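K.L.:
Once you've had a glance at the structure underneath, I'll fire off some questions.
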Amino acid sequence: GAVVSQHPSWVICKSGTSVKIECRSLDFQATTMFWYRQFPKQSLMLMATSNEGSKATYEQGVEKDKFLINHASLTLSTLTVTSAHPEDSSFYICSATQTSQYEQYFGPGTRLTVT
Amino acid sequence: ELKVEQNPLFLSMQEGKNYTIYCNYSTTSDRLYWYRQDPGKSLESLFVLLSNGAVKQEGRLMASLDTKARLSTLHITAAVHDLSATYFCAVDMEWRLNRDDKIIFGKGTRLHILP
């Protein structure tokens, strides 16, 4: 149980284009989902927290207009990187928590390369 | 500022040896996580420690938590090559406030076990 999937697992896009990453909880309802970014050989940095049906809460320094997060249902959250640039190339990982639970279940990650 | 500090950040050790990774955190919390990450992969949950004095063991890994000292340890016994990975500790900082259970990650310990 408690499986989280991400799609795509990797994506290459050109500068200036937008790319959408999906995060799904497969066997539970996720009231809260988290989006992290990880650069090579670094730790995970929380980008934003999203609750179903409400606006995401972004961490300091994360541009909300650039990283659009939508948590439209209890099983799906999306992260859209708008007008991507090479510096946005990173490993993006989502996680989800079940209702009234605390433990985060992590997705397999999406590797984004912007050329 | 909330901080989670791990040390060492890099550890190279021989198979068969024992070693300990330390995780210090700067604020009150009694919920701490240990994760493993293999290159190019997402996080694998190892341990969840929920109370002062908690000790959990799985195979050659044992984790403990001292909330008074704000310290957790991950002890490796008789290391084998398969344990080579990056290990992260993470602390849940805000659950007491009934807010989203954000977790703050340490920088990770890159463990390289020489055969």
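Chains as they are written, first to last, in the working numbering: chain C, 1 to 115; chain V, 1 to 115.
Just so it is clear, CB atoms sit at the ideal spot from N, CA and C, and this is done for glycine as well.
Keep in mind it's a predicted model, so treat the numbers as computed, not measured.
#1: Using the Cβ count rule (16 or more neighbours within 10 Å means buried), how would you classify residue 113/C?
#2: Could you give the uninterrupted runs of the alpha helix (DSSP H) lying entirely in the stretch 2-77 of chain C, keeping only those of 4 residues or more?
#3: Taking 8 Å as the threshold (beta carbon to beta carbon), is residue 53/C in contact with chain V?
#4: Is it right to say residue 2/V is buried, meaning 16 or more other beta carbons lie within 10 angstroms of its own, or is it exposed?
#5: On the criterion of 16 or more Cβ atoms from any shown chain inside 10 Å, does residue 49/V qualify as buried, or is it exposed?
#6: Taking residue 2/V as part of the beta strand (DSSP E), name the residues at either end of that continuous run.
#7: Looking at the structure shown, is residue 92/V part of a helix, part of a strand, or coil, going by DSSP?
#8: Given residue 9/C, which residues of its chain have a CB within under 8 Å of its CB, disregarding the five upstream and five downstream residues?
#9: Is the separation between the beta-carbon of residue 46/V and that of residue 91/V shorter than 8 Å?
#10: The beta strand (DSSP E) with residue 84/C in it runs from where to where?
#11: Inspect the beta-carbon positions of residue 35/C and residue 102/C and report whether they are closer than 8 Å.
#12: Give the residues of chain V in contact with residue 43/C, contact being defined as C-beta atoms less than 7 Å apart.
#13: Using a Cβ-Cβ cutoff of less than 7 Å, which residues in the same chain neighbour residue 75/C once the five nearest sequence positions on both sides are dropped?
P.N.:
Taking the structure as given:
#1: Exposed, since its Cβ has fewer than 16 Cβ neighbours within 10 Å.
#2: The alpha helix (DSSP H) runs of length 4 or more contained entirely in the stretch 2-77 of chain C do not exist; there are none.
#3: Not a single CB atom of chain V sits nearer than 8 Å to the CB of residue 53/C.
#4: Exposed is the call here.
#5: By the neighbour-count rule (16 or more Cβ atoms within 10 Å), residue 49/V is buried.
#6: Neither: residue 2/V is in no beta strand (DSSP E) and is coded neither H nor E.
#7: If DSSP states are grouped into helix, strand and coil, residue 92/V belongs with the strands.
#8: Closer than 8 Å at Cβ, skipping near neighbours: 108, 109, 110, 111.
#9: For residue 46/V and residue 91/V, no; Cβs fall outside 8 Å.
#10: It is not in any beta strand (DSSP E) - residue 84/C carries neither H nor E in the DSSP assignment.
#11: No.
#12: Within chain V, the residues whose beta carbon sits less than 7 Å from that of residue 43/C are 88, 105, 106, 107, 108, listed in sequence order.
#13: Excluding the 5 residues flanking it on each side, residue 75/C has same chain C-beta neighbours closer than 7 Å at 24, 25, 29, 30, in chain order.
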